[in-house]
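Here's the structure we're looking at; comments come further down.
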Amino acid sequence: MNPALDSQIVIGFLALEKGFVTEEHLRACAREVGSRDGNGMRLDQILVAKGFISEEQRKVLGLASRHFMAMKKVPQFGELAQELGFVQQRQVDEALQFQGLDPVRRHIGEILLLKGYISFDQHYQVLQAQRSAIEKVVQRSIVDRVPQELVEALKQAAQPAPQPAAQQQMSYSPTDIIPAPGQHEMETALPQNAPPKPQAPAAEQKTVDGKEVHVVGDYRIIRELGRGAMGVVYLAIQRSLKRKVALKVLPRALTVSERMVSRFYREAELAAKLQHPNIVQVFGMGQEDGNHYFAMEYVEGVAFDDKLRQEFVDYPEVAELIAQAADGLDYAHQHDIIHRDIKPSNLLIQPNGKTKIGDFGLARPKEAATLTAAGTIVGTPMYMSPEQAQGHKKNVEHRTDIYSLGATLYFGITKRNPFLSEDVQQILRMVVESEPTDPRKVNPMVPLDLATICMKAMNKNPNKRYQTALEFAQDLRRFIAGEPVKARTQTRSEKAVRWLKRNRMKAAIIVLGLILIFITIELVSAYSENIKAEKLAREHGERADEEAEKRKLAEDQRDDALKAFEDAQKRQSDPVTQPEQPEFPEPPKPTEKVNEKLDKAKGAIYKKNLTAALRFVDEAVALGPQFFEPYYLRAIIRNVRGEWAEAKADCDAAIKINPGLDGVFFQRGIARMNMRDANRAVEDFYKAIELNPRNWRAYEHCGQIFFRQTRYKLAIEQWEKALDLNPGNLQIEKQIADARALLEKEE
Numbered sequence: 002m003n004p005a006l007d008s009q010i011v012i013g014f015l016a017l018e019k020g021f022v023t024e025e026h027l028r029a030c031a032r033e034v035g036s037r038d039g040n041g042m043r044l045d046q047i048l049v050a051k052g053f054i055s056e057e058q059r060k061v062l063g064l065a066s067r068h069f070m071a072m073k074k075v076p077q078f079g080e081l082a083q084e085l086g087f088v089q090q091r092q093v094d095e096a097l098q099f100q101g102l103d104p105v106r107r108h109i110g111e112i113l114l115l116k117g118y119i120s121f122d123q124h125y126q127v128l129q130a131q132r133s134a135i136e137k138v139v140q141r142s143i144v145d146r147v148p149q150e151l152v153e154a155l156k157q158a159a160q161p162a163p164q165p166a167a168q169q170q171m172s173y174s175p176t177d178i179i180p181a182p183g184q185h186e187m188e189t190a191l192p193q194n195a196p197p198k199p200q201a202p203a204a205e206q207k208t209v210d211g212k213e214v215h216v217v218g219d220y221r222i223i224r225e226l227g228r229g230a231m232g233v234v235y236l237a238i239q240r241s242l243k244r245k246v247a248l249k250v251l252p253r254a255l256t257v258s259e260r261m262v263s264r265f266y267r268e269a270e271l272a273a274k275l276q277h278p279n280i281v282q283v284f285g286m287g288q289e290d291g292n293h294y295f296a297m298e299y300v301e302g303v304a305f306d307d308k309l310r311q312e313f314v315d316y317p318e319v320a321e322l323i324a325q326a327a328d329g330l331d332y333a334h335q336h337d338i339i340h341r342d343i344k345p346s347n348l349l350i351q352p353n354g355k356t357k358i359g360d361f362g363l364a365r366p367k368e369a370a371t372l373t374a375a376g377t378i379v380g381t382p383m384y385m386s387p388e389q390a391q392g393h394k395k396n397v398e399h400r401t402d403i404y405s406l407g408a409t410l411y412f413g414i415t416k417r418n419p420f421l422s423e424d425v426q427q428i429l430r431m432v433v434e435s436e437p438t439d440p441r442k443v444n445p446m447v448p449l450d451l452a453t454i455c456m457k458a459m460n461k462n463p464n465k466r467y468q469t470a471l472e473f474a475q476d477l478r479r480f481i482a483g484e485p486v487k488a489r490t491q492t493r494s495e496k497a498v499r500w501l502k503r504n505r506m507k508a509a510i511i512v513l514g515l516i517l518i519f520i521t522i523e524l525v526s527a528y529s530e531n532i533k534a535e536k537l538a539r540e541h542g543e544r545a546d547e548e549a550e551k552r553k554l555a556e557d558q559r560d561d562a563l564k565a566f567e568d569a570q571k572r573q574s575d576p577v578t579q580p581e582q583p584e585f586p587e588p589p590k591p592t593e594k595v596n597e598k599l600d601k602a603k604g605a606i607y608k609k610n611l612t613a614a615l616r617f618v619d620e621a622v623a624l625g626p627q628f629f630e631p632y633y634l635r636a637i638i639r640n641v642r643g644e645w646a647e648a649k650a651d652c653d654a655a656i657k658i659n660p661g662l663d664g665v666f667f668q669r670g671i672a673r674m675n676m677r678d679a680n681r682a683v684e685d686f687y688k689a690i691e692l693n694p695r696n697w698r699a700y701e702h703c704g705q706i707f708f709r710q711t712r713y714k715l716a717i718e719q720w721e722k723a724l725d726l727n728p729g730n731l732q733i734e735k736q737i738a739d740a741r742a743l744l745e746k747e748e
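The opening residue of the sequence shown carries number 2 in my numbering; numbering runs sequentially from there.
Now the structure itself:
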């Protein structure tokens with residue numbers, strides 16, 4: 002049915018319902034309609050012409066029919082969005098709760114869009130499905146109650162000249178149902194013809210293990226896996242190759258639109274061109290009985306945002322997961338394909354820690370940029386690049402994906418979106434005009450280098466972002482390896498220039514003010530020169546101070562570890578000085594040659610020559626594998642070098658020989674903490690405290706773990722204990738203050 006025909010049938014139905022006409026009146030109109038061959042008056046006009054209804058009643062019927070078409074018995078937006086797999090029930094409930102408190106009573110679709118639960122494209126698809134549902138309501142609920150002669154006459158009158166099947170497909174604007182004044186137009190222009198759809202063998206029903214299973218072509222469906230932006234995904238077996246696949250099927254509600262069918266097959270075709278370990282592979286596609294599907298690689302795992310919610314993910318792991326996604330994007334960009342919808346839910350994380358990019362539903366070949374109407378927006382607001390948010394399609398190229406991946410990294414290290422607002426249009430404005438809050442201000446524990454990488458990827462100027470996804474990945478891996486990164490924090494002057502470019506009117510006012518200030522400065526030039534010199538020195542000194550602070554912290558930790566090692570040696574040689582501890586067998590004392598190697602290793606450490614230190618301690622282990630000291634010192638060196646797994650192995654060996662030393666458990670806790678084994682790291686730190694209640698470093702590291710897990714109260718408790726043992730420690734005092742501030746925000 003078409004909208005005009007629907008409307009005329011509804012008018013006939015409502016005229017009966019309201020008692021304006023009888024069935025005989027409608028039958029008479031049917032004869033009149035049938036005689037006009039679709040070129041005469043509409044049904045409501047005929048009813049007036051025949052005197053069956055008044056002009057006032059015709060207006061009432063027109064208004065009532067529009068209301069009926071939009072509302073009566075039509076599935077709600079939230080229900081359809083959930084049915085299509087775009088949202089979960091909790092997200093719909095949250096949006097409804099927000100709507101109840103919203104003074105402007107936004108539509109549920111806008112709220113879901115605002116919260117980042119659906120993209121603009123998904124919003125449009127739900128509206129399409131809702132329009133299709135209205136047609137079904139008209140057919141099911143009304144046609145049977147209107148005289149059949151009228152229905153047939155209306156159909157005949159509305160029937161246009163024969164057209165090719167492709168032209169008979171109908172499309173609707175989102176404003177057909179819910180107008181959105183001032184909102185960006187949705188994407189409407191697509192490739193003119195849908196790609197050819199391969200035909201699959203007819204579906205079969207077979208009995209396997211006494212159960213009926215559905216067989217589609219070469220695929221036997223096992224169960225539903227989930228619902229995504231463009232379809233329902235099933236676990237299936239490809240019978241010819243006996244392998245598991247994910248079978249994606251376009252929802253029936255979307256098959257009414259040739260545009261959606263075209264997009265569905267385009268996703269498959271583009272993804273099939275990309276053969277990369279960090280991209281979900283596509284194996285084949287087909288169609289049968291009106292069902293459109295394609296088969297792709299079955300990926301076991303969870304989405305990136307779900308992983309962050311379900312478990313503690315340390316910063317190096319977040320960096321590695323994003324770096325793998327950057328690897329996949331770089332490959333796609335080399336093949337001239339832009340994803341355009343990179344976000345946490347489109348990155349799939351496997352149990353082995355590998356990242357896969359999925360959902361190429363909005364992807365485009367570079368040469369297809371002009372196929373989308375100018376001024377339209379595509380993607381998810383929270384993760385759009387500024388050029389996407391402005392609808393500048395010619396400017397949307399591969400660096401748009403780099404921005405979106407940077408925004409995804411921002412979410413990974415802060416657990417929040419880069420821009421927060423209760424209005425979609427405001428979010429789009431913020432993406433274009435505002436700078437995201439520095440990740441370290443959101444979470445002070447974020448490493449400086451990682452925050453700097455993130456902000457470079459999210460630079461509003463594409464020329465100042467990483468120019469390739471490969472550069473992005475390489476800088477992330479430099480951070481993981483503890484090497485200097487190429488990204489640099491912006492100076493105040495750079496930030497000022499960017500602000501002036503975005504706010505030209507304000508800049509003009511400021512310039513006038515600066516002229517006045519300049520005149521004043523000339524009068525007190527000597528004083529101002531001193532001020533400028535001091536300011537310049539501060540700017541140049543800030544980064545040096547940060548680097549010096551980091552070096553001092555690392556040196557302090559190294560020196561503390563060495564002091565603990567030397568204390569352990571003293572306690573070993575002088576049992577009287579040992580604190581009260583559980584009874585353990587006395588470990589063997591190292592030989593003179595072993596001690597000589599250990600002393601050389603310690604000397605090399607103090608000279609910051611860790612390579613030489615490791616060589617000496619390796620020789621000590623070879624000379625005396627039965628002594629715990631060489632393993633202990635080697636664990637310290639390897640922890641400083643970031644060789645966590647090797648450090649843990651050395652600690653394990655040392656503990657087997659001497660299970661009564663707190664420092665070894667502390668070092669193993671550090672290794673486990675950096676290997677993202679937080680629970681066992683805490684166990685080791687607590688064991689170190691049990692063996693030596695004055696080990697304040699163990700309390701401090703427990704606090705760091707709890708802070709990263711957002712368990713701020715526990716973190717504060719641990720840090721306060723550390724501060725009791727080491728009063729006046731400014732670093733711990735700052736950490737406590739940061740945790741209390743975040744705790745107040747939560748409460």
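Positions of the beta carbon are idealized from the N, C-alpha and C atoms, including for glycine.
| Asked | Found |
| --- | --- |
| Closest residue to Glu-434 among Leu-128, Asn-462, Asn-418 (Cα-Cα distance) | Asn-462 |
| Sequence ranges, alpha helix (DSSP H) only - wholly within the region 644 to 723, length at least 4 | 645 to 658, 663 to 675, 679 to 692, 697 to 709 |
| Collapsed DSSP secondary structure at Val-749 in the structure displayed | The structure shown does not extend to residue 749, since the chain is modelled only from 2 through 748, so no value can be given for it. |
| Backbone CA spacing between Gly-329 and Gly-604 [nearest angstrom] | 45 Å |
| Alpha-carbon to alpha-carbon, Leu-348 and Asp-1 | Here the chain covers residues 2 to 748 and nothing more, so residue 1 does not appear. |
| Distance between Val-61 and Ala-31 (C-alpha atoms, nearest Å) | 21 Å |
| Beta carbon of Phe-473 nearer than 8 Å to that of Ile-403 | yes |
| Option in Gln-335, Asp-122, Gly-291, Ile-280 with minimal Cα separation from Met-297 | Ile-280 |
| Under the three-state DSSP convention, the category Asp-342 falls into | coil |
| First through last residue of the alpha helix (DSSP H) which encompasses Phe-617 | 611 to 624 |
| Bridge partners - Leu-248, DSSP secondary structure assignment | Tyr-235, Ala-296 |
| Spatial distance of Gly-359 from Asn-396 (CA atoms) | 23 Å |
| Three-state class that DSSP yields for Arg-417 in the structure shown | coil |
| Met-286 - partner residues in DSSP beta bridges | Phe-295 |
| C-alpha gap between Asn-693 and Tyr-700, whole angstroms | 11 Å |
| Candidates Val-618, Leu-271, Ser-422, of which the one nearest Ile-112 by Cα | Ser-422 |
| Rounded C-alpha distance that separates Lys-657 from Gln-351 | 35 Å |
| Inter-residue Cα distance where the pair is Gln-705 and Asn-444 | 12 Å |
| Neighbourhood of Val-262 by C-beta, 7 Å cutoff - its chain only, sequence neighbours within 5 removed | Ala-195, Leu-251, Thr-256, His-293 |
| Burial state of Gln-129, where buried means 16 or more other Cβ atoms lie within 10 Å | buried |
| Among Asn-696, Leu-715, Ala-682, the one whose alpha carbon lies nearest that of Asp-725 | Asn-696 |
| Span of the alpha helix (DSSP H) around Val-397 | Taken as a continuous stretch (DSSP letters only), Val-397 belongs to no alpha helix (DSSP H), as it is neither H nor E. |
| According to DSSP, residues forming a beta bridge with Lys-51 | Answer is none; Lys-51 lacks a bridge partner. |
| Euclidean distance between Cα positions of Ser-120 and Gln-58 | 42 Å |
| 8 Å Cβ shell around Val-409 - same chain, five flanking residues per side excluded | This sequence places Thr at residue 409; Val is not what is there. Cβ within range, chain order: Phe-305, Ile-323, Ala-326, Ile-343, Lys-344, Pro-345, Leu-348, Tyr-384. |
| Selected residue, minimal CA-CA separation from Pro-589, among Asp-337, Glu-630, Tyr-607, Gly-392 | Glu-630 |
| Nonlocal neighbours in the same chain, by C-beta distance under 7 Å from Ala-269, ignoring five residues either side | Val-283, Met-286, Phe-295 |
| Close-in-space but distant-in-sequence residues of the same chain around Phe-667 (CB under 6 Å, 5 per side omitted) | Ala-689, Ala-699 |
| For Lys-357, the first and last residue of its enclosing beta strand (DSSP E) | 356 to 358 |
| Beta-bridge partners of Ile-222, as assigned by DSSP | Ala-237 |
| Cβ-based neighbour list, Met-674, same chain, cut-off 7 Å, excluding 5 preceding and 5 following | Ala-682, His-702, Ile-706 |
| Spatial distance of Lys-19 from Gln-311 (CA atoms) | 56 Å |
| Check whether Ile-454 and Ala-482 have beta carbons under 8 Å apart | no |
| Per-residue burial, Thr-401 [other beta carbons within 10 Å of its own, 16 or more giving buried] | buried |
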